[in-house]
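In the numbering used here, the protein residues as written are 10 to 356. Every residue gets a Cβ at the ideal spot worked out from N, C-alpha and C, and that includes glycine. The structure displayed is predicted, hence computed values, not measured ones.
This is the structure we're talking about:
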């Protein structure tokens with residue numbers, strides 16, 4: 010009888026031990042998945058296309074995110090949903106567990122990188138920012154200016170055929186992108202946003218403005234953008250230039266002269282610069298310059314479309330960051346004198 014009892018007890022004991030070992034092993038795997046990865050600071054981690062389980066093991070070990078990868082194959086076996094990696098670039102944070110990062114890789118939620126273009130910046134500024142942007146695919150360098158215009162479709166914008174410059178057509182804003190996005194794709198987004206904005210403001214503009222097209226309104230907006238950063242002044246500045254256009258007066262605005270000088274501008278405008286003819290010297294040409302001189306923001310575009318109703322024809326800096334607006338040359342010269350006197354006092 011004792012022998013029979015032993016025969017029945019032994020298999021049960023073996024099964025019990027096996028169950029204990031199994032659950033102990035599972036607990037070990039769970040603890041392995043729950044452990045924090047070895048990360049002292051934020052890290053950008055790229056999962057290449059075609060990465061499988063073995064490849065992931067190698068990547069995690071290579072970056073020393075886990076100390077022992079012997080349990081990783083078992084984790085993938087028992088939790089196959091954690092082994093469905095999607096190629097991309099991900100942001101890993103300190104305190105994330107192994108399970109957290111594997112779930113992130115499986116989600117495909119790639120990290121977004123910000124790139125910011127400020128109001129009043131120029132195409133040359135945008136080019137430098139794009140060149141220094143991380144994880145961005147650079148395609149602009151391989152395109153001629155005309156090819157870039159054709160790619161973006163600028164010559165078909167709002168019925169405008171004469172635009173041969175990208176200047177002014179890119180909406181200043183902060184854009185988010187994922188690794189591998191091309192610089193051309195970012196420009197398309199910025200261009201489409203500007204195209205939509207200008208189109209809407211053109212449709213809703215004040216009546217009888219002295220613009221022949223939406224493009225001329227954009228040119229005006231770019232001048233306003235470079236003349237003042239004060240919100241309350243933009244419509245006044247717009248009114249000065251609109252009044253001058255109506256009276257066939259030259260705009261005589263320094264930012265256009267500076268733009269026309271290009272790399273020759275060293276920080277000071279000399280009288281010889283004002284007397285040198287360029288397509289952008291509004292002291293010597295009639296009307297608006299041929300292209301925008303910067304990328305205007307929404308406030309300046311709205312000001313160009315809805316200028317204040319004034320009789321102002323002049324304005325000059327007042328020394329406090331703003332401007333003094335006047336209706337005639339005598340008052341303007343007084344304002345200029347006061348500004349120069351202020352500059353001497355500040356020295």
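Can you tell me whether DSSP reads residue i as helix, strand or coil?
i, result
"residue 94", "coil"
"residue 226", "helix"
"residue 325", "strand"
"residue 138", "helix"
"residue 332", "strand"
"residue 109", "helix"
"residue 77", "coil"
"residue 295", "coil"
"residue 256", "coil"
"residue 200", "helix"
"residue 344", "helix"
"residue 177", "coil"
"residue 131", "coil"
"residue 359", "Nothing can be reported for residue 359: it is not among the residues displayed for the chain, which extend from 10 to 356."
Do residue j and residue i have their beta-carbon atoms positioned less than 7 Å apart in this structure?
i, j, result
"residue 310", "residue 210", "yes"
"residue 316", "residue 251", "yes"
"residue 348", "residue 334", "no"
"residue 124", "residue 180", "no"
"residue 53", "residue 80", "no"
"residue 98", "residue 55", "yes"
"residue 289", "residue 265", "yes"
Kindly identify the DSSP beta-bridge partner or partners of residue i.
i, result
"residue 53", "100"
"residue 72", "Residue 72 pairs with nothing; no bridge assigned."
"residue 38", "For residue 38, which the question treats as bridged, DSSP gives no partner whatsoever."
"residue 185", "123"
"residue 146", "191"
"residue 263", "Bridge partners of residue 263: none, in fact."
"residue 45", "106"
Looking at C-alpha atoms only, which residue of the options is the closest neighbour of residue i?
i, options, result
"residue 193", "216, 229 and 154", "154"
"residue 78", "46, 36, 271 and 217", "46"
"residue 328", "314, 339, 346 and 313", "346"
"residue 186", "326, 142 and 207", "142"
"residue 338", "325, 350 and 330", "325"
"residue 162", "134, 188, 199 and 130", "199"
"residue 119", "182, 146 and 189", "189"
Is there a Cβ of chain D sitting closer than 7 Å to that of residue i, yes or no?
i, result
"residue 222", "In the structure shown, chain D cannot be found, because there is only a single protein chain."
Review point. Touch check for the region 285 to 299 and the region 254 to 263: three-plus C-beta pairs under 8 Å?
Key: yes
Exercise for review: Would you check if there are 3 or more beta carbon pairs closer than 8 Å linking the region 111 to 124 to the region 85 to 103?
Suggested key: yes
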